[in-house]
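**Student:** Before I ask anything, here is the structure I am working with.
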Amino acid sequence: MHTKPRAITELLAPAGSWEALVAAVAAGADAVYLGGTHFSARQFAANFDDAALKEAVTYAHARGVRVYVTVNTLLHDTELPGAARYLLFLYEIGVDAVLVQDVGLLRLARALVPDLPIHASTQMAVTSEEGVRWAAAHGIERVVLARELPLAEVEGMRAAVEETGIGLEVFLHGALCYAYSGQCLLSSVIGGRSGNRGACAQPCRKPYTLLRGDLDLYGRPVGFRPVRLPDAYRLSTRDICLYPALEEVVRAPVASLKIEGRMKTPAYVATVVSVYRRALDALAAGDPLPDPIAAERDLALAFTRGFTGGYLCGERHRGVIGPERPDNRGVALGTVTAFSDRWMEATVALATGDLLPENGDGLAVRWPGGEFGLVVRGTPRVRDGTLRLRFPQPAPIGAEVVVTRRAALEAQAAETVRVGRPCVRIDATVTWDEGGTPVVAGLCTPPRGEAAAFRVRADEPMGRARTRPLGVDVVRDHLGRTGGTQFFIGRLDLRYPGGLFAPASYLNALRRQVLAAAASALVEAARPTAEAVAAARERLAALLPGLKGSAAPDPAVRPALAVLTDTPEGVSAVADAGADLICFEPSPSACRPGSFEAAVGTAGDRPLIWKWPRIVTRTFLDAAIPLLPAAHAAGIAGVMVEGHGCADAVRRTVPGMPLYGGAGLNIWNHAAVAAHADFAILTLSPELSGEEVRTLAARVPAGSPALALLVQGTVEAAVTEDCPPATALGCPAGCSSGKSWALKDERGRVFPLRPAGACRTAIGNAVETCLIDYLPDLAGAGIATFIIDARWRGPAYAGEMTGLYREALGGPRNRADLDRLKTAIKTRALGGITAASYLYGTGDGSKKKDRR
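Okay, here's the thing in structure tokens:
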């Protein structure tokens, strides 16, 4: 047995249950990621309660496998004390890292347990070198990059990795989110189940109808008609599979390769980890990938929605989207060419000769408008490229037959788990004291990570032999047996004096002591010292009062009215209608030298903020950063950013430029506000309820950034790299076609699509947010800026809606005036109006919240 070279990239596996954890470890994962029952972004996985989590960490560490725990939901203020206690618990049991999304929790973790490694979850949507450097500067040890980044941009982060020492992690295999993770509110706005709370209902796996038409004066769909398409699952992505590109990926500055699948079965985990373990070991040894055809087939037999190299490998449109069906497609077996009603037997022409059904396999028979499944019993008859199968019901000629479950592969996975994988090397020296008691001093070395020393002294001495002393080979044989454990013996130095005797049970007991001590040494080496834990407990006691109490807010001020718009005409309209602050988001192609002077002039005496897109990658930054000095000189009053690292880019280029935070920063609690202390204004998440807004605002101390909230407009529910019209019809069907587009779901709700630059698409909510009824409540709670999102709605909507809210803010209103304003808003709104999120908040899929 040999260990892997240390240079090979980490293989990180999902563990959504205890059985999946055991499978991942047995199959050769270097690390696992799992969630507890608190604050995890997979609320519907089995997950681990505190006792099980402690046991899982012990189990993994004893086998040299690291454990990363997901604490990657966004947190309400009332949950911060429980989250702090949970972080301390994770620190005490020795987890190797915690994955976080919430910047408030990140700030809390750095104050509470500064030596607990933190990984930035993919929900942080880090998409640039600037984001990576921001993460390193905030004490993050690893960034799980957004799945949408191409490999060339990952390669472009090499300098940041080398200069800061931060690690990068990319997804290797499994499901892809349709939209940027952490920035997707589709599940939230559709059904109140927030992906940012671990309760995504996967609306991207539902059928949608693509609509095409025109817009009216207020940017609303008119004359929209369905586009006839053969497939309905417009947002359903294929599964990423980087096996074909693995050699190229491991050459990138990537520390870890992540397998998605905390909801998958242990058999799936064992199969996928085994395939990639063999591949990575081969590459580490300088060998080619082992049998790519067989490997990719095994991966597909485990589960597939159709494979893609994803955006990482430059795929787009139909290369990423699989609109035919959203579930397991299986592997093609063949096509029905004949069917006997008498014998209920089908003749199937095989697709290839190297995949034949076996006893226990699961098959699916599919045709347009129908499908059924069956389990193969016995060995089917094969002749001349065809086979005969008994079906439970008739199937039409031309029906497709696929293998959806491979019994032999599942049996192989079960055997992998049963046998385990010896992976921890023990080097030991055994000496005997003057009384004949053996003492073992050893070092156990996992495949990756630090070695741990141990020492064992036998409970009693060996006796003096009267006739037949034990030979050294007998002692070596008994002490060197490690079968069925995670250990193997590297070097065993026996300094045996001879002339001693002990029964085999004595030597076997000593061996068990040695193996137990080695496992314990690995577990204890990962835990903090008692002194470190005591210091962390003192810090927790000091932090808790500030997390639970209210702060002294700034004195009440007259709320300002800010408007987001995307055209110069919109700037003019909202300036004339009385906006206090104008946030201008021109299309990226319109951002060029000299483009801001006219906009500043049009805004008149109203401050004009340059709003950057929600998703910012290298292309935009390379164009925008050089424009900042000219924009500042032209009179731009600040920059609004929505992604991590963007603010640092602005600060470096134009020191002192005021910063404004958009909704994409996911501000859910006062600690997140404190993490952006140098911003002028921070926009709270539109997922917060009124009660949660009031609680947050009450805990923000004086001198903090002013708080803003969207009170009118279409919530940007998702941003995706996909362009649904182009995916369905090919370019230039989308943004350059002169038409507008939308998606209609099964319930008839219409979600507008808007170009978001660089062939991205923004998906708006089907119904417009309207909080005009609650403006006094919000002002009383401390919300200093009310935001109208008038982007993509045209200057008429922007100006008239600004005027209506300007009137509403003009002074006390009776019910009749408010009803009149609300009626006017309804006549201009897209899809009607709603205050659902404000009234009810968003759910996490559970009936109770953690109140630790």
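Note that the UniProt record's numbering has the sequence shown beginning at 1, numbered continuously upward.
Where is the CB? At the ideal position from N, CA and C, for every residue including glycine.
Keep in mind it's a predicted model, so treat the numbers as computed, not measured.
(1) Let me confirm a value: residue 741 is counted as buried when at least 16 other C-beta atoms fall within 10 Å, else exposed. Which label applies?
(2) Quick check: what's the CA-CA separation for residue 10 versus residue 821?
(3) State the DSSP-derived secondary structure class of residue 616, mapped to helix, strand or coil.
(4) Which residues mark the beginning and the end of the alpha helix (DSSP H) in which residue 499 is found?
(5) Fully enclosed by the UniProt domain "Peptidase U32 collagenase" (424-521), which alpha helix (DSSP H) runs are 4 residues long or longer?
(6) Excluding sequence positions up to five away, which residues of its chain have a Cβ less than 8 Å from the Cβ of residue 275?
(7) Confirm, please, whether the CB-CB distance from residue 773 to residue 818 is below 8 Å.
(8) According to the neighbour-count rule (16 or more other Cβ atoms, all chains shown, within 10 Å of its Cβ), is residue 393 buried or exposed?
(9) Decide if residue 851 is buried, meaning its Cβ has at least 16 other Cβ atoms within 10 Å, or exposed.
(10) Is it a yes or a no for the segment 476-488 touching the segment 380-388, going by three-plus beta-carbon pairs under 8 Å?
(11) May I ask you to report which of helix, strand or coil DSSP gives residue 18?
(12) Mind checking which residues open and close the beta strand (DSSP E) that includes residue 712?
(13) Taking 8 Å as the limit between beta carbons, can you name the residues of its chain near residue 582, skipping five residues before and five after?
(14) Between which two residues does the beta strand (DSSP E) holding residue 681 run?
(15) To the nearest whole angstrom, what separates the beta carbons of residue 329 and residue 352, a pair I think is in contact under 8 Å?
(16) Between which residues of its own chain and residue 646 is the CB-CB distance below 7 Å, once the five residues before and five after are set aside?
(17) Whole angstroms is fine: what's the gap from residue 840's alpha carbon to residue 743's?
(18) With distances taken between CB atoms, is the gap from residue 158 to residue 122 smaller than 8 Å?
(19) Could you tell me the distance, in whole angstroms, from the CA atom of residue 349 to the CA atom of residue 39?
(20) Looking at residue 183 and residue 618, is the spacing between their C-beta atoms short of 8 Å?
(21) With DSSP as the reference, label residue 1 as helix, strand or coil.
(22) Which term fits residue 397, buried or exposed, when burial requires 16 or more other beta carbons within 10 angstroms of its beta carbon?
(23) Count the other CB atoms within 10 Å of the CB of residue 114; is the residue buried (16 or more) or exposed (fewer)?
(24) For residue 367, list the residues DSSP reports as bridge partners.
(25) Pick from 752, 286, 505, 49: whose alpha carbon is nearest that of residue 214?
(26) So, at 7 Å on beta carbons, what are the nonlocal neighbours of residue 521 in its own chain, with the 5 sequence-adjacent residues on each side left out?
(27) Output needed for residue 654: all residues of its chain with C-beta closer than 7 Å, excluding positions within five of it in sequence on either side, in chain order.
(28) Answer yes or no: do residue 194 and residue 687 have a C-beta to C-beta separation smaller than 8 Å?
(29) My parser needs the alpha helix (DSSP H) runs of 4 or more residues fully inside the segment 299-340; what are they?
(30) Check residue 264 in the structure and name its three-state DSSP category.
(31) Apart from the five residues just before and just after residue 857, which ones in its own chain have a Cβ nearer than 6 Å to its Cβ?
(32) Would you kindly work out how many angstroms separate the C-alpha atoms of residue 789 and residue 713, rounded to a whole number?
(33) In chain order, what residues of the same chain lie with their CB nearer than 7 Å to the CB of residue 681, ignoring the 5 residues before and after it?
(34) Out of 411, 781, 439, which has the shortest C-alpha to C-alpha gap to residue 494?
(35) With a cut-off of 8 Å on the beta carbons, I'd call residue 719 and residue 762 a contact; round off their distance for me.
(36) Judging by CA-CA distance, which residue of 601, 755, 118 is the nearest neighbour of residue 136?
**Tutor:** A quick look at the data gives this:
(1) Indexing the sequence shown from 1 puts residue 741 at position 741. The residue is buried, with at least 16 neighbouring Cβ atoms inside 10 Å.
(2) Taking the first residue of the sequence shown as 1, we reach residue 10 at position 10. Taking the first residue of the sequence shown as 1, we reach residue 821 at position 821. Their backbone Cα atoms lie some 59 Å apart in a straight line.
(3) Against the sequence shown, residue 616 aligns to sequence position 616. DSSP places residue 616 in coil when its eight states are reduced to three.
(4) Counting from 1 along the sequence shown, the entry for residue 499 is found at position 499. Run containing residue 499: none; DSSP gives neither H nor E here.
(5) 472-479
(6) Numbered from 1 along the sequence shown, position 275 holds the residue referred to as residue 275. The answer, listed in chain order, is 243, 295, 298, 299.
(7) The residue labelled residue 818 in the question sits at position 818 within the sequence shown. The residue labelled residue 773 in the question sits at position 773 within the sequence shown. Yes; because the gap between Cβ atoms is below 8 Å, this pair is in contact.
(8) Numbered from its first residue, the sequence shown carries residue 393 at position 393. Under this definition residue 393 is an exposed residue.
(9) For the purposes of this step, residue 851 is taken as residue 851 along the sequence shown, with counting starting at 1. With a pLDDT of 31 at residue 851, under the threshold of 50, the modelled position of this residue cannot be trusted; read the value that follows with caution. Exposed, because fewer than 16 other Cβ atoms sit within 10 Å of the Cβ of residue 851.
(10) no
(11) As a working note, residue 18 is residue 18 in the sequence shown. Residue 18 falls in the helix class under three-state DSSP.
(12) In the sequence shown, residue 712 corresponds to position 712, counting from 1. Unbroken beta strand (DSSP E) run through residue 712: 706-713.
(13) Your numbering for residue 582 matches position 582 in the sequence shown. Hits under 8 Å: 562, 563, 565, 571, 574, 575, 603, 606, 607, 608, 609.
(14) Against the sequence shown, residue 681 aligns to sequence position 681. Here the beta strand (DSSP E) through residue 681 covers 681-683.
(15) One-based indexing of the sequence shown puts residue 329 at position 329. One-based indexing of the sequence shown puts residue 352 at position 352. At roughly 16 Å, the Cβ-Cβ gap does not stay under 8 Å, so residue 329 and residue 352 are not in contact.
(16) Taking the sequence shown and counting its residues from 1, one reaches residue 646 at position 646. Taken in chain order, the residues that qualify are 130, 612, 616.
(17) As a first step, residue 840 is located in the sequence shown; it is residue number 840 there, counting from the start. As a first step, residue 743 is located in the sequence shown; it is residue number 743 there, counting from the start. Answer to the nearest angstrom: the Cα atoms are 26 Å apart.
(18) Within the sequence shown, residue 158 is the residue found at index 158, counting from 1. Within the sequence shown, residue 122 is the residue found at index 122, counting from 1. Contact: no.
(19) Counted from its first residue, the sequence shown places residue 349 at position 349. Counted from its first residue, the sequence shown places residue 39 at position 39. Those two C-alpha atoms are separated by around 50 Å.
(20) Position 618 of the sequence shown holds residue 618. Position 183 of the sequence shown holds residue 183. Cβ distance not < 8 Å, so residue 618 and residue 183 don't count as in contact.
(21) Sequence index remark: in the sequence shown, residue 1 carries index 1 (1-based). Per-residue confidence for residue 1 stands at a pLDDT of 31, beneath the threshold of 50, marking its modelled position as unreliable; no derived number is given.
(22) Counted from its first residue, the sequence shown places residue 397 at position 397. Exposed: under 16 other Cβ atoms inside 10 Å.
(23) In the sequence shown, counting from the first residue as 1, residue 114 sits at position 114. Burial call: exposed.
(24) Numbered from 1 along the sequence shown, position 367 holds the residue referred to as residue 367. BP columns for residue 367 point to 370.
(25) Looking up residue 214 in the sequence shown gives position 214. Among 752, 286, 505, 49, the Cα nearest to that of residue 214 is on 752.
(26) Position 521 of the sequence shown holds residue 521. Same-chain partners within the cutoff: 444, 452, 453, 454.
(27) Along the sequence shown, one-based indexing puts residue 654 at 654. These residues qualify, in order along the chain: 628, 629, 632.
(28) Locating residue 194 in the sequence shown gives position 194, counting from the first residue. Locating residue 687 in the sequence shown gives position 687, counting from the first residue. Their beta carbons are under 8 Å apart, which means residue 194 touches residue 687 by this criterion.
(29) none
(30) In the sequence shown, counting from the first residue as 1, residue 264 sits at position 264. Residue state, collapsed to three classes: coil.
(31) The requested residue 857 does not occur in the structure, where the chain is confined to residues 1 to 852.
(32) The residue you call residue 789 lines up with position 789 of the sequence shown. The residue you call residue 713 lines up with position 713 of the sequence shown. Their Cα atoms are separated by approximately 5 Å.
(33) Mapped onto the sequence shown, residue 681 falls at position 681. So the qualifying residues of the chain are 660, 661, 705, 706, 708, 785.
(34) Taking the sequence shown and counting its residues from 1, one reaches residue 494 at position 494. Residue 494 has its Cα closest to that of 439, out of 411, 781, 439.
(35) Here residue 719 refers to the residue found at position 719 of the sequence shown. Here residue 762 refers to the residue found at position 762 of the sequence shown. That pair is a contact at about 5 Å.
(36) The residue labelled residue 136 in the question sits at position 136 within the sequence shown. When only C-alpha atoms are compared, the closest one is 118.
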